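Take 721 as the starting number for the sequence shown in the working numbering and just add one per residue. The beta-carbon is built from N, C-alpha and C at its ideal position, and this holds for glycine as well. These numbers were taken from a predicted model, which means no experiment stands behind them. Structure first, then comments.
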Amino acid sequence: QNGANGAFSGKLFYEYTGYTTLDLATGAKRPYLPLTTDRFSFSISSDGQKAYVAEQLTFGDIDRGEGTHRYIVVSTHNGQQIDTFPGSPGSLSGMAMNLSPDGQRIATGLLRNGWNGDAHLVVENRHGEVLFDFTEAGYTGAFGWLPDGRMVATDADGWLTLIDRNFNPVRRIRQFSGPGRPGRMQASPDGQRLVFNWNQRIYVMNIDGSNLHQVATSDLWESDVAWSPDSRWLVLAHGESTCPQLTLVNA
721 QNGANGAFSG
731 KLFYEYTGYT
741 TLDLATGAKR
751 PYLPLTTDRF
761 SFSISSDGQK
771 AYVAEQLTFG
781 DIDRGEGTHR
791 YIVVSTHNGQ
801 QIDTFPGSPG
811 SLSGMAMNLS
821 PDGQRIATGL
831 LRNGWNGDAH
841 LVVENRHGEV
851 LFDFTEAGYT
861 GAFGWLPDGR
871 MVATDADGWL
881 TLIDRNFNPV
891 RRIRQFSGPG
901 RPGRMQASPD
911 GQRLVFNWNQ
921 RIYVMNIDGS
931 NLHQVATSDL
941 WESDVAWSPD
951 SRWLVLAHGE
961 STCPQLTLVN
971 A
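As structure tokens, this is what we get:
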């Protein structure tokens, strides 16, 4: 958001040697939760007040998915634990988790006995139940939540499809071709556009698949992206993965 004198204000949440917030107005960084080898991924609530962190409890045989996991909910202000709830049987695959807008569902990657060592993209609820297996249904690429609780997901043929709240396909949006498939799909907070990583570049398009365009041009690898709350700006992470640069660009 634009603050006083046109300066940016607000917070950016990221994982880098710990779970950290960056104050965009001052540049001050503040860790709110230590990073451990058992914590695989995180997602921030829509109001920015809570972080949902996926934590591996027992590992067992990772390739057979015999481990167990849970989700801890902590305050992004002080790291204090607010809540905890179980995940479904299986080990976390390391895929970035994605919290639904209402905080009741989590899309994540799991390894489980019987899946032949393959990670499945699933949606779990707060009771440790799998509500839907996207991989089993043929969706093997990018996925993301829309503000109204619907989802988008990409199949093996590159088709991005709109999925309703009961996980039924509504319509195909756009087919992607080429050497790569889109990743890290995110809807803008106003629900009008999608941003995603495709062939090491960040792209934006309308929710109906129109007006596909690259956000920025550079010689640097573009790895990740996030929307501003007003859907007007994007934060790009680019450069070396061990020490990425962050850049604000007009969406």
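Problem - Cα-Cα separation, T746 to K731 - result: One-based indexing of the sequence shown puts residue 746 at position 26. One-based indexing of the sequence shown puts residue 731 at position 11. T746 and K731: Cα-Cα distance of roughly 10 Å.
Exercise for the section: Report yes if the C-beta of G834 is less than 7 Å from at least one heavy atom of the ligand COA; otherwise report no. Expected result: You won't find the ligand COA in this model; it holds no ligand whatsoever.
Exercise for the section: Going by DSSP, name the residue or residues bridged to V935. Expected result: Your numbering for residue 935 matches position 215 in the sequence shown. DSSP lists no partner for V935.
Problem - C-beta contact flag for R952 and A971 at 8 Å - result: For the purposes of this step, residue 952 is taken as the residue at position 232 of the sequence shown. For the purposes of this step, residue 971 is taken as the residue at position 251 of the sequence shown. Taking 8 Å as the Cβ cut-off, R952 and A971 qualify as a contacting pair.
Handout entry: C-beta contact flag for G714 and H840 at 8 Å
Key = The displayed coordinates of the chain run from 721 to 971. Any statement about residue 714 would go beyond what the structure contains.
Handout entry: Nearest-angstrom Cβ-Cβ length linking V945 and R904, presumed shorter than 8 Å
Key = Taking the sequence shown and counting its residues from 1, the one referred to as residue 945 is at position 225. Taking the sequence shown and counting its residues from 1, the one referred to as residue 904 is at position 184. For a cut-off of 8 Å, the C-beta gap from V945 to R904 is around 7 Å, short enough to register as a contact.
Problem - Whole runs of the alpha helix (DSSP H) within the stretch 781–811, excluding any shorter than 4 residues - result: Look at the stretch 781–811 and you find no whole run of alpha helix (DSSP H) that is 4 residues long or longer.
Practice task
Check each candidate in N888, G869 and Q912 and name the one with the smallest Cα separation from G858.
Solution key: Stepping through the sequence shown from its first residue, residue 858 is reached at position 138. Per the Cα distances, N888.
Practice task
Output the distance between the C-alpha atoms of H938 and L968, rounded to the nearest integer angstrom.
Solution key: As a working mapping, residue 938 is identified with position 218 in the sequence shown. As a working mapping, residue 968 is identified with position 248 in the sequence shown. Before going on, a small fix: residue 938 reads as Ser here, not His. One alpha carbon belongs to S938, the other to L968, and they sit about 14 Å apart.
Practice task
Could you name the residues of the same chain whose beta carbon sits closer than 6 Å to that of L753, not counting the 5 residues immediately before and after it, in chain order?
Solution key: On the sequence shown, position 33 is the one that residue 753 refers to. A distance below 6 Å between beta-carbons, with the five flanking residues on each side excluded, links L753 to the following residues of its chain, in chain order: Y739, V794 and G799.
Practice task
Assign R832 to one of two classes, buried (16 or more other C-beta atoms within 10 Å of its C-beta) or exposed (fewer than that).
Solution key: Counted from its first residue, the sequence shown places residue 832 at position 112. Buried: at least 16 other Cβ atoms inside 10 Å.
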